[in-house]
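Peer 1: Structure provided below as structure tokens; questions to follow.
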């Protein structure tokens, strides 16, 4: 079992719809969870971080964490073509900054 | 502020050649990292430096060496390049203060092809 699992996609959604990106992790003691966006040919950039169970909202983005189910998700409301990118889930497994593990990323395509 | 910078942007090597990838950050961060990114594999940590003067192995250190030259600079050296080292290499930095809640800031990447 991979430590951080994501469906590689592509996930296609129409413009204006809600995009739902999912991530599961295997280490039950994981503490911190991050979503990075990576445009093709570019470097990852952080868009959301979440540390406790529940929802965290930032503009059109909502991160959801369920530690009991070892599941973290990212919702993008009112999806725009500019949201088309690969979204990387990252998990800090045990508290040290060197312990961050990245998933392979989900490619999102927003269709105009 | 430039953030995290990397040189070169692209490089083609022949098997057995050596090269050094350079990375610098101007955010006064303590911690720096080298990752490689391959299709279907995600980002994998090669080496990291928690603070100036320290370096440690990550998930895939074989075939690489690093030097934390000072607080700003962290270089990655391939002593004898192999085709399996064809990849995109990212340098990243973080404050080194918040531990589990650290945000990592990435450089633009170096695309390396080993023939």
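Chains as they are written, first to last, in the working numbering: chain H, 693 to 804; chain P, 0 to 114.
Where is the CB? At the ideal position from N, CA and C, for every residue including glycine.
This one's a predicted model, so the numbers in the text were calculated from it and none came from an experiment.
Using alpha carbons as the reference points, say which of P/39, P/12, P/60, P/66 lies closest to residue 22 of chain P.
Peer 2: Taking only the C-alpha atoms, the option nearest residue 22 of chain P is P/66.
Peer 1: Verify the CB distance criterion: does residue 176 of chain P have a CB-CB separation below 7 Å to chain H?
Peer 2: A query on residue 176 of chain P cannot be resolved here, the shown segment of chain P reaching from 0 to 114 and no further.
Peer 1: Mapping the DSSP letters down to three states, classify residue 25 of chain P as helix, strand or coil.
Peer 2: Residue state, collapsed to three classes: coil.
Peer 1: Quick one: which unbroken beta strand (DSSP E) runs of 3-plus residues sit fully inside the region 85–112 of chain P? Chain order, please.
Peer 2: The region 85–112 of chain P contains these whole beta strand (DSSP E) runs: 86–93.
Peer 1: Using only the alpha-carbon positions, how far apart do residue 760 of chain H and residue 72 of chain P sit?
Peer 2: So the two alpha carbons sit approximately 40 Å from each other.
Peer 1: Whole angstroms is fine: what's the gap from residue 755 of chain H's alpha carbon to residue 765 of chain H's?
Peer 2: Going from the Cα of residue 755 of chain H to the Cα of residue 765 of chain H covers about 6 Å.
Peer 1: For the beta strand (DSSP E) that contains residue 748 of chain H, what are its first and last residues?
Peer 2: Residue 748 of chain H -> beta strand (DSSP E) spans 746–750.
Peer 1: Less than 7 Å between the C-beta atoms of residue 5 of chain P and residue 80 of chain P, yes or no?
Peer 2: Not in contact: residue 5 of chain P and residue 80 of chain P (Cβ atoms no closer than 7 Å).
Peer 1: The region 23–42 of chain P: which residues have C-beta closer than 9 Å to a C-beta of chain H, in chain order?
Peer 2: Per Cβ criterion, the list reads 30, 32, 34, 36, 38, 39, 40, 41, 42.
Peer 1: Do you know whose CA, among H/745, H/706, H/728, lies nearest residue 737 of chain H's CA?
Peer 2: Out of H/745, H/706, H/728, H/728 has the C-alpha closest to the C-alpha of residue 737 of chain H.
Peer 1: Give, in chain order, every residue of the region 69–80 of chain P whose Cβ lies closer than 8 Å to some Cβ of chain H.
Peer 2: Cβ contacts with chain H: none found.
Peer 1: How is residue 702 of chain H classed by DSSP in three states: helix, strand or coil?
Peer 2: Coil.
Peer 1: By how many angstroms is the C-alpha of residue 50 of chain P removed from the C-alpha of residue 699 of chain H?
Peer 2: The alpha-carbon atoms of residue 699 of chain H and residue 50 of chain P are separated by roughly 35 Å.
Peer 1: Just list the residues that DSSP pairs residue 72 of chain P with in beta bridges.
Peer 2: Answer is P/23, bridged to residue 72 of chain P.
Peer 1: In chain order, what residues of the same chain lie with their CB nearer than 7 Å to the CB of residue 796 of chain H, ignoring the 5 residues before and after it?
Peer 2: Taken in chain order, the residues that qualify are 698, 700.
Peer 1: Can you find a CB in chain P that lies within less than 7 Å of the CB of residue 800 of chain H?
Peer 2: No, residue 800 of chain H lies away from the interface with chain P (no Cβ there is under 7 Å from its Cβ).
Peer 1: Based on the DSSP output, what are the partners of residue 35 of chain P in its beta bridges?
Peer 2: P/43, P/88, per the DSSP bridge assignment.
Peer 1: Looking at chain H, is there any beta carbon in it that lies within less than 7 Å of the beta carbon of residue 7 of chain P?
Peer 2: No, no contact with chain H.
Peer 1: Can you have a look at residue 0 of chain P and say buried or exposed, based on whether 16 or more other CB atoms are within 10 angstroms of its CB?
Peer 2: Classification for residue 0 of chain P: exposed.
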